[in-house]
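To start, the structure under review is shown below, and the notes come after it.
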Amino acid sequence: MRTLALLSIGLAALSLFIAYVLGASLIWALVVAAVGILWLMGAWRDWNGAASVGLIAFVSAAGFGIWQGLPAGWMLVSMILALVAWDLDGSASRLREAGHVQGELALKRAHLERLLIVAGLGLLLGGIALGVRVHLGFWWDLVLGVLAIVCLSQVFRLMRRETD
Amino acid sequence: MNRLLLLSSLILGLILVGLATLSGAWLALAIPLLIYLGAGFLYEPEALQLKVTRNLSADRASAGEPVTIKLSVTNEGSQLEEILMEDLVPSSLRLIDGKPKILASLQPGETIRLQYRLSGERGYYRFPGVRATASEHLGLFTKQAMWEAPGQLFVLPEVIRLRRVEIRPRRTRVYSGLIPTRQGGPGVEFFGVRGYQPGDALRWINWKASARHPETLFINEFEQERVADVGLILDARQRSDIISREGSLFEHAIQATAALADAFLSGGNRVGLLIYGGHLDWTFPGYGKIQREKILRALARAVQGHSLVFEGLDYVPTRLFPPRSQLILVSPLVEEDLDMLIKLRAQGYPLLIISPDPISFEQKTLQTGEDIELAARIARLERQLLLRRLRQAGAYILDWNVEAPFHQAVHAALSRTRIWFRPLRGVS
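Same order as they appear, the protein sequences are chains A and B. With this note's numbering, the residue at position 152 of the first sequence is 155, and numbering never jumps. With this note's numbering, the residue at position 371 of the second sequence is 372, and numbering never jumps.
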């Protein structure tokens with residue numbers, strides 16, 4: 004799990020780095036590489052909260068790249084890889100904390116299968132979404148925005164309540 | 002950081018920025034995160050229905066003795082993709098091997114077993130239960146519940162075997178035992194001579210005495226030996242204890258009480274125990290092995306306490322002890338105890354005080370220096386004065402420096418009959 008997580012971090016950083024280099028933003032590419040190295044170090048040394056900070060940093064970097072007009076495909080790939088790394092890090096820490104794991108191999112396999120499906124589906128639907136272009140007016144945008152906020156808030160609240 | 006909260010915030014942020022900047026790419030970035038969240042929600046674990054049973058290899062053990070704990074968890078509900086079972090072990094117990102946690106996947110009806118070994122210091126330990134945390138494989142949605150799996154463990158104090166502890170209470174019980182009663186009758190030790198009466202065994206005729214008085218026959222009498230009532234009082238007041246790096250003086254007092262209880266019960270006596278601290282813990286007097294177990298369990302449970310009511314020994318419930326029975330107080334003693342102990346003597350209780358010496362115990366852990374030496378000397382003088390007053394009141398005191406093993410201290414001081422055991426003048 005840990006090796007896969009490190010690999011995912013490296014790949015996520017590499018895809019972001021390539022995207023920034025292709026967009027001729029060498030300074031930002033170096034910043035992204037530095038963040039990736041920091042996350043790698045955090046994952047290697049088990050720094051508390053390194054994965055969460057890393058995910059936030061990579062999602063922000065992907066968003067910034069889109070704002071800069073860099074290739075969105077690379078950003079999507081990089082963000083999915085960061086999500087995978089974050090998930091694997093969480094799974095590894097759960098296994099580590101438990102100490103004794105019954106059927107460890109089967110658990111890992113089931114987890115990786117689900118993660119692969121989720122990541123693949125995310126890549127597919129995200130890729131399709133990048134290709135679709137719909138023009139919305141200001142008022143539509145406003146209504147959809149408010150609707151999205153209300154709906155997502157309700158969904159998150161419901162999820163949290165059910166989890167508690 | 003809460004994983005669900007982090008993910009939700011990122012999704013919300015991406016969608017809001019996407020809508021604000023009218024950029025579909027931002028919204029597209031949110032899609033993988035939304036799918037991840039949805040997958041977690043889809044496989045969210047249902048309400049936990051478990052059956053947890055606990056099995057201890059022993060419910061009583063001595064200090065440091067390993068005890069094996071076995072937990073069995075059966076899933077009586079739907080499938081649980083990941084479940085972390087965590088047995089909540091009292092923090093003062095020490096794990097020897099194994100872990101009190103297990104992570105597993107549980108199908109309906111499936112059972113997992115958890116086993117580990119631990120040991121501990123003297124005490125009474127209750128296992129509060131088992132914490133179960135179930136989640137789906139992505140670990141976003143969790144359900145946690147506590148399951149009762151009752152279990153208790155008594156770690157009993159070490160019992161030092163004492164060879165003989167001589168006591169001479171003024172009142173004994175009717176059953177034969179080992180305590181001399183100051184009454185003639187069947188026994189071992191010579192008590193006196195008396196005139197022959199029909200029915201007396203001829204083998205006990207004292208021929209020398211009879212030869213001096215040709216008119217009469219004299220026979221030897223022996224001292225009757227019977228069992229007695231013994232009341233042990235353990236001082237568990239926080240104010241009288243000394244705690245240092247090497248431990249607590251209270252633990253030595255407990256060890257002494259356990260050894261005394263064992264010695265008196267082995268001699269067939271009826272023994273009761275009163276633990277006097279934050280509250281009163283009374284073990285009703287009894288005989289034999291069951292009583293020994295009750296007393297050891299009470300000692301395992303014993304903790305020091307502070308209470309304004311029981312700050313002094315004034316509220317020792319003397320009515321719990323049969324009149325004129327032997328009382329044994331195990332206490333480091335404080336100056337204010339003097340009056341109450343004199344009162345106990347005045348009420349006719351023979352009083353034996355086992356007093357672990359707090360001054361030498363504390364001094365051992367302090368650095369050497371003139372001030373320390375002077376303070377220790379003053380404290381020792383005060384203590385000697387207190388002990389002298391108690392001796393004058395008729396109490397017998399064993400001033401025990403805990404560096405010496407208890408059995409040696411007892412052997413030196415209490416292994417043969419002392420003057421203090423003789424009856425007081427005018428008291429039958």
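For each residue, glycine too, the CB sits at the ideal point set by N, CA and C.
Listed as beta-bridge partners of N207(B) by DSSP are no residues whatsoever. By the Cβ test, the segment 32–45 of chain A is not in contact with the segment 69–78 of chain A, since fewer than three Cβ pairs between them sit closer than 8 angstroms.
A Cβ-Cβ contact shorter than 8 angstroms links H280(B) with S308(B).
At the C-beta level, R325(B) and P170(B) come within 8 angstroms of one another.
Boundaries of the beta strand (DSSP E) harbouring P187(B): 173–196, taken from the DSSP string. Put simply, the backbone Cα of E149(B) is about 4 angstroms away from that of G130(B). Between the beta-carbon of A60(A) and that of S81(A) there is about 11 angstroms, and that puts the pair past the 8 angstroms contact cut.
Burial is judged here by how many other beta carbons sit within 10 angstroms of a residue's own beta carbon; S156(A) has fewer than 16 and is exposed.
Taking a C-beta distance under 8 angstroms as the contact criterion, L300(B) and L328(B) do not qualify as a contact pair. Under the 10 Å beta carbon count, R164(B) is surrounded by fewer than 16 other beta carbons and is classified as exposed. Secondary structure of F285(B) (DSSP, three-state): strand.
Taking the CA atoms as reference points, R61(B) sits about 27 angstroms from A133(B).
In the DSSP annotation of this structure, L115(B) is not part of any alpha helix (DSSP H); the continuous beta strand (DSSP E) holding it starts and ends at 112–120. About 17 angstroms separates the Cβ atoms of K52(B) and Q116(B), ruling out a contact at the 8 angstroms cut-off. Nearest Cα to I220(B) within the set A410(B), R162(B), F265(B), F192(B): F192(B). Distance from the Cα of I255(B) is smallest, within the candidate group Q198(B), L266(B), A237(B), A264(B), for A237(B). One alpha carbon belongs to S63(B), the other to D282(B), and they sit about 21 angstroms apart. In its chain, beyond the 5 residues on either side, V231, V272 have a beta carbon closer than 6 angstroms to the beta carbon of F265(B). If only complete runs of 4 or more residues are kept, the segment 222–293 of chain B shows the alpha helix (DSSP H) at 250–267, in order along the chain.
According to DSSP, T69(B) shares a beta bridge with R118(B). In the DSSP assignment, Y37(B) falls within the unbroken alpha helix (DSSP H) covering 25–43. The C-beta of M44(A) comes no closer than 8 angstroms to any C-beta of chain B. Taking the Cα of S94(A) as reference, the smallest distance to any Cα among L104(B), R95(B), P91(B) is reached at L104(B). Taking 7 angstroms as the cut-off between beta carbons, the residues of the segment 32–52 of chain B near chain A are I32, P33, L34, I36, Y37, A40, F42, E45, in sequence order. Among the residues facing chain A, A133(B) is not included, as its CB has no counterpart in that chain under 8 angstroms away. Nearest Cα to E363(B) within the set R378(B), I355(B), Y350(B), I354(B): R378(B). Look at the segment 54–68 of chain A: the residues with a C-beta under 8 angstroms from a C-beta of chain B are S55, L58, I59, V62, A65, G66.
For G26(A), there are no neighbours in chain B by C-beta distance under 9 angstroms, as the nearest C-beta there is about 14 angstroms away.
Residue burial annotation: Q409(B) is exposed, with fewer than 16 other C-beta atoms found within 10 angstroms of its C-beta.
Secondary structure of V104(A) (DSSP, three-state): strand. Following the DSSP letters along the chain, one finds W50(A) in no alpha helix (DSSP H), marked with neither H nor E. At a cut-off of 8 angstroms between beta carbons, K71(B) makes no contact with chain A.
Listed in chain order, the positions of the segment 138–165 of chain B with a beta carbon within less than 8 angstroms of a beta carbon of chain A are H138, L139, G140, F142, T143, K144.
The C-beta of D315(B) has fewer than 16 other C-beta atoms within 10 Å across all chains shown, which makes the residue exposed. Secondary structure at P351(B): coil, using DSSP grouped into helix, strand and coil. Annotation for S245(B): F362, E363, K365, T366 place their beta carbon closer than 8 angstroms to its own, counting only its chain and skipping 5 residues before and after.
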